[in-house]
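Shown next, in structure tokens, is the structure this report addresses.
Number of protein chains: 2
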Amino acid sequence: MSGLHVNDLDTPALLLDRKRLDQNLERMRKHADTHGVILRPHLKTSKCLDIARLAAPDADHPITVSTLAEARFFASHGYRDILYAVGIAPGKLDQVEALRNEGCDLAIVLDSLAQAEAVAAHRGMFKVLIEVDADGHRSGVQPDSDTLIEIATILRSAGKDVAGIMIHAGESYACRAREELEQAAAQERAAALTASGQLRAAGHEAPIVSIGSTPTALAATDLSGITELRAGVYMFFDLVMREIGVCQTSDMALSVLTTIIGHDDIHNRLVTDAGWTAMSSDRGATGDKPAPSFGIVADHLSGEPIPNLVVRSMNQEHGLIGHEDDAALNLKDFPIGTRLRIYPNHACATGSMHPRYAVLGNEGEVTDQWDRFRGW
Amino acid sequence: MSGLHVNDLDTPALLLDRKRLDQNLERMRKHADTHGVILRPHLKTSKCLDIARLAAPDADHPITVSTLAEARFFASHGYRDILYAVGIAPGKLDQVEALRNEGCDLAIVLDSLAQAEAVAAHRGMFKVLIEVDADGHRSGVQPDSDTLIEIATILRSAGKDVAGIMIHAGESYACRAREELEQAAAQERAAALTASGQLRAAGHEAPIVSIGSTPTALAATDLSGITELRAGVYMFFDLVMREIGVCQTSDMALSVLTTIIGHDDIHNRLVTDAGWTAMSSDRGATGDKPAPSFGIVADHLSGEPIPNLVVRSMNQEHGLIGHEDDAALNLKDFPIGTRLRIYPNHACATGSMHPRYAVLGNEGEVTDQWDRFRGW
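Quick note, the sequences are listed as chains D and F, same order. Using our numbering, you'd call the opening residue of the first sequence number 18 and step up by one each time. Using our numbering, you'd call the opening residue of the second sequence number 18 and step up by one each time.
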């Protein structure tokens, strides 16, 4: 207990609702347990040791990271079973080797013959997951392709550990209905089974069959044949996840505390001190709309949304809040100095703008301040 | 000299071309000198002591900041004449007072009776610029309004220092032609002269008449009656400034170094390790287009743009580069491991994602690494 209250915080500040965080962690943990798969939480959303210790409570717990800086950080705090889930650049292999030599069982990911040849040519003892494509999202070899086997053969011939396959069903972010999500999850699993089956038929053990994205992880109804789930944003949730349909507003654990610093009478907007340095410029599900929104507005104490108030635009240190029906906002209802909370489009992006979390307990009490880190 | 070369840097990394930085600083300095106005560089773009010392070479040099964290940081390094150019939140007055009590002549900005009353009611000795609106952008009282005089009267009656007016012609970012820019600059000056004239007619000294935005600062042809220019992004320039017409590609000092980590055959894209954590999600001048671009691509050593290659989309640690004519990109021309440079849409936003600059000298030599800071 810090004795601090949300009214005492300098603004803008990143708020984390502890109760919601705990509930979100528990939900995914139960889901993984129910299906008998290992949960390998992705720590790229939170980038915080305190949150890692809640999501992956002991040092042997498997974790996922998106940068070598995250791998180094968590390895330095004892985590050993780490998956670096971004395709490896050949120039980063020395750093991976160094971490492995220090006792971290860091696994890397690749999806091309060129990367496999670079790994094969390196002196290091590497553990490799081959990235497989489930939905034409961005990366990965096709699950039934010759390339998959060729990559595995190159690696094995050079004495590297072909530990299995990894799939990220990134296109699940385009789903909006439950049946679409279940279909995306089934498709991800099917690709994983095809690819791991091919590898095993070709004589590779491939003990790890790793799938995940928060939407597909939560929508999966059958995970037989899958060994582990990866997900990150489930810890916080956000407006994108709400739009996809995997959370409610009342699940969103992350928000930004801001202060009204002006009234823009011309456009009927509240001017706040939460610009893009506090929110990021992520448009989330309002993506390509000509009138995007950068977050929804809530009471700063209760966290209850104020209907129809949204962040209309931002500059570096200014946010402009308006009503969805422009004229319906009465600026006088929100005097200068009023504090508000903003739920962001994309928790990963908004979190990345801040050096720390102010952790909220009951009735606006700030129970902890947890540091985030960044960089590569 | 660090002995380091751009080929040795971990990617992604923020690159700063020293020669271009120096040229850009010199251009604005000469422009201000020619017009006999003080240049008060805005340090929100660079957020770096080393760059501050180039743009504002001695501790008495006036500077502009956008957060109290910047004010504290630069004050701790000796700067005294600091303008905090974001409307003051009443809750921040204690911090402003503390900085002033430590010997920093920190000036604040406001544009409402409510803020003026909060300042008047505070025990602190404050120095205030009244923000004036030139173009309906976001903030500021109208230059010929009664409110302007009422604010000044409230402040003066309470013994606070009404030091003058501040205008930011934010709508100049919508300009595209030289005559539009000159018109925006003339309009900004006219509003400044009207407002400062009103204040003086009402018995206020108003010694400071501060205007600025990089576009209007550079386009101004007559600055008589203006005492100081504020600008920030002129140090680096970016694609937004190029679109507005105040710089060339060859003036852009800031870029992001990235490595190709994959080939997306399905969409004919190069997959890189520069996602939005390295670039920001700022769409710049491609704003609301359904196919935005997040930067243009260049040779990593020479900095010469590779025609028609742009960043098409991004995820957290992935960038997707494509050709403007999709089919025209031959992925084989860019093997995995190739390094590229990306010039960003918005230098302030891209810079904010990084902990430091790698400063480039001749032929890819990294002469220095300069820390950036962040937070509020």
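Here a beta-carbon is modelled for each residue, glycine too, at the ideal position from N, C-alpha and C. In this text the structure is predicted, and so the values were computed from the model without any measurement.
Consider the Cβ of residue 365/F: report whether some Cβ of chain D lies at a distance smaller than 9 angstroms. yes
Please report whether the beta-carbon of residue 61/F lies at a distance below 9 angstroms from any beta-carbon of chain D. yes
Taking only runs of the beta strand (DSSP E) that begin and end inside the segment 283 to 309 of chain D, which ones reach a length of at least 3 residues, in chain order? 286 to 289
Strictly under 9 angstroms for the Cβ-Cβ distance: is residue 393/F near chain D by that measure? yes
Counting only Cβ pairs nearer than 9 angstroms, list the residues of chain F close to residue 337/D. 155
Pair within 9 angstroms by beta-carbon distance, residue 295/D and residue 357/D: no
For residue 258/F, the first and last residue of its enclosing alpha helix (DSSP H): 256 to 261
Taking only runs that begin and end inside the segment 106 to 138 of chain D, name each unbroken beta strand (DSSP E) of 3 or more residues, in chain order. 124 to 127
Check each residue of the segment 303 to 316 of chain D: if its Cβ is closer than 7 angstroms to any Cβ of chain F, include it; give the result in chain order. 305, 307
According to the neighbour-count rule (16 or more other Cβ atoms, all chains shown, within 10 Å of its Cβ), is residue 217/D buried or exposed? exposed
Spatial neighbours of residue 195/D within its chain, please: CB distance less than 8 angstroms, with the 5 preceding and 5 following residues excluded, ordered by chain position. 236, 262
Is there a Cβ of chain D sitting closer than 9 angstroms to that of residue 297/F, yes or no? yes
For a contact meaning CB atoms closer than 7 angstroms, what does residue 104/F contact in chain D? 278, 279, 288
Listed by chain order, chain F residues near residue 131/D by CB distance under 8 angstroms: 352, 353, 354
So if DSSP puts residue 330/D in a beta bridge, which residue, or which two residues, is it bridged to? 337/D
Please tell me whether residue 372/D has its Cβ less than 9 angstroms away from any Cβ of chain F. yes
Cβ-based burial, residue 4/F [other Cβ within 10 Å; buried from 16]: Given a span of 18 to 393 for chain F in the structure shown, any question on residue 4/F remains unanswerable.
Give the straight-line distance between the Cα atoms of residue 201/D and residue 80/D, rounded to the nearest whole angstrom. 23 angstroms
To the nearest angstrom, how far is the alpha carbon of residue 109/F from that of residue 386/F? 33 angstroms
Residues in the segment 31 to 44 of chain F having any Cβ partner in chain D nearer than 9 angstroms: none
Short check: CB of residue 329/D to CB of residue 102/D, under 9 angstroms? no
One question on the structure: do residue 245/F and residue 267/F come within less than 9 angstroms of each other, judged by their Cβ atoms? no
The segment 352 to 369 of chain D contacting the segment 279 to 291 of chain F, beta-carbon criterion three pairs below 8 angstroms: no
Would you please verify whether the beta carbon of residue 163/F is less than 9 angstroms from any beta carbon of chain D? no
By how many angstroms is the C-alpha of residue 136/D removed from the C-alpha of residue 179/D? 11 angstroms
Completely contained beta strand (DSSP E) runs for the segment 211 to 269 of chain F, where each covers 3 or more residues: 225 to 228, 245 to 248
Excluding five sequence neighbours on each side, which residues of the same chain lie with their C-beta closer than 6 angstroms to the C-beta of residue 154/D? 187, 188
Taking only runs that begin and end inside the segment 161 to 221 of chain D, name each unbroken beta strand (DSSP E) of 3 or more residues, in chain order. 178 to 184
Provide the residue(s) that pair with residue 279/D in DSSP beta bridges, ordered along the chain. 288/D
Which listed residue (141/F, 205/F, 193/F, 55/F) has its alpha carbon closest to that of residue 259/F: 193/F
Cβ-Cβ distance between residue 249/D and residue 107/D below 9 angstroms: no
Examine the Cβ distances between the segment 276 to 287 of chain D and the segment 48 to 57 of chain D and report whether three or more of them are shorter than 8 angstroms. no
Can you tell which of 374/F, 256/F, 325/F, 191/F has the C-alpha that lies nearest to the C-alpha of residue 152/F? 191/F
Residue 161/D and residue 215/D look like a contact to me (Cβ under 8 angstroms); what is the Cβ gap, rounded to whole Å? 6 angstroms
Between residue 324/D and chain F, is there a C-beta pair that is closer than 9 angstroms? no
Option in 390/D, 115/D, 389/D, 375/D with minimal Cα separation from residue 33/D: 375/D
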